[in-house]
Amino acid sequence: EHIRAFLKEHKVSHWAKAMILFVQLIVMIVLYQVFQRGIYGSFAQPINTTFFGTELGERNFAWASSVGLLLFIEISLQQRKVAHLLQKKDAIYRYAFPVFTVVVLSILPMAKSLFVLTSMVFSLTVSNLRRALWPTDSIK
3 EHIRAFLKEH KVSHWAKAMI LFVQLIVMIV LYQVFQRGIY GSFAQPINTT FFGTELGERN
63 FAWASSVGLL LFIEISLQQR KVAHLLQKKD AIYRYAFPVF TVVVLSILPM AKSLFVLTSM
123 VFSLTVSNLR RALWPTDSIK
């Protein structure tokens, strides 16, 4: 009850985040099916599984690192807004979470890094577009 009142007071729609997550879920399901089974149909040639010269099924530290870098930038910008409230664990989180993400994505195929990166860019774009079109008072 208290959370709903807080969200209503600050004009935050809980459905906005749910809608973004729903769209990402659909994209994830479609990509998963493509990578697991491929695309079948009236294609005369096999599908090219390279992205900017990198095979989607192979491990790639550069793409995993790009996800970690974007995570670090996003966390740093969010923490800058509430710098007066930060604790030591927040500083550890700022560095540890991106590093952990890079390690995990380095083990997985490059397609996973690409999916996470595109999801993050999509979410950031939608979020910033929403803020630009419908500005609200900042939550302090």
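Counting from 3, one number per residue, gives the positions in the sequence shown under this note's numbering.
Yeah, the Cβ is synthetic: ideal placement off N, Cα and C, and Gly gets one too.
Open item on the list: Judging by CA-CA distance, which residue of 36, 99, 117, 80 is the nearest neighbour of residue 129?
Closed with: Cα-wise, what sits closest to residue 129 is 80.
TODO: Can you give me the Cβ contacts of residue 121 inside the same chain, cut-off strictly under 7 Å, excluding the 5 residues immediately before and after it?
DONE: Only 26 meet the Cβ criterion.
TODO: Determine the burial state of residue 142: buried for a count of at least 16 other Cβ atoms within 10 Å of its Cβ, exposed for fewer.
DONE: No answer about residue 142 holds up, because its pLDDT of 47 lies below 50 and its placement is not dependable.
Task: Same chain only: Cβ atoms within 7 Å of residue 131, ignoring 5 sequence neighbours per side - done: Beyond the five residues adjoining it in sequence on each side, residue 131 comes within less than 7 Å, by CB distance, of no other residue in the same chain.
TODO: Using a threshold of 8 Å, state whether the C-beta atoms of residue 112 and residue 71 are closer than that.
DONE: Contact check for residue 112 against residue 71 fails: the beta carbons are separated by 8 Å or more.
Task: residue 104 vs residue 64 beta-carbon contact at 8 Å - done: No.
Open item on the list: In the DSSP output, what is residue 52 paired with across the bridge?
Closed with: Answer is 57, bridged to residue 52.
- [ ] Pull up the CB-CB distance for residue 61 and residue 108, whole angstroms please, since I reckon it's below 8 Å.
- [x] Yes, they are in contact, since the Cβ atoms of residue 61 and residue 108 sit about 6 Å apart, within 8 Å.
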